[in-house]
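Beneath this line is the structure, given in structure tokens, with notes to follow.
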Amino acid sequence: MKRPANSVLRTSIVVVSALLGACRAVPPAFGPTLPQARANADELLGGIAQRFTNVQRTPRFLEARDKLGKYALTPSG
Numbered sequence: 014m015k016r017p018a019n020s021v022l023r024t025s026i027v028v029v030s031a032l033l034g035a036c037r038a039v040p041p042a043f044g045p046t047l048p049q050a051r052a053n054a055d056e057l058l059g060g061i062a063q064r065f066t067n068v069q070r071t072p073r074f075l076e077a078r079d080k081l082g083k084y085a086l087t088p089s090g
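The numbers in this note's numbering rise by one with no breaks, and the one at position 63 of the sequence shown is 76.
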């Protein structure tokens with residue numbers, strides 16, 4: 014009965030090791046120094062937040078979305 018537990022443990026260790034190794038190169042990609050990397054990361058995340066906050070849609074888009082929602086689950090007779 015201990016074999017499945019050992020197998021799960023080994024698999025978990027391999028997966029965690031791979032994920033940690035993959036994340037190693039991320040901080041230097043934002044900048045050569047820690048303050049530069051922090052500033053660049055803040056700008057990136059701020060831009061993403063601004064892009065997806067308070068999205069304005071045209072009335073035509075809202076009408077099309079209503080139609081899609083209304084008829085999406087209607088049988089096609």
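Here a beta-carbon is modelled for each residue, glycine too, at the ideal position from N, C-alpha and C.
In the DSSP assignment, G44 falls outside any alpha helix (DSSP H), carrying neither H nor E. Boundaries cannot be given for P88, as no alpha helix (DSSP H) includes it and DSSP labels it neither H nor E. In this chain, the alpha helix (DSSP H) harbouring R73 covers P72 to Y84. DSSP places A62 in the helix class (H, G or I) of the three-state scheme.
DSSP places A50 within a helical segment (H, G or I) once states are collapsed to three.
For A31, the secondary structure class from DSSP, reduced to helix, strand or coil, is helix.
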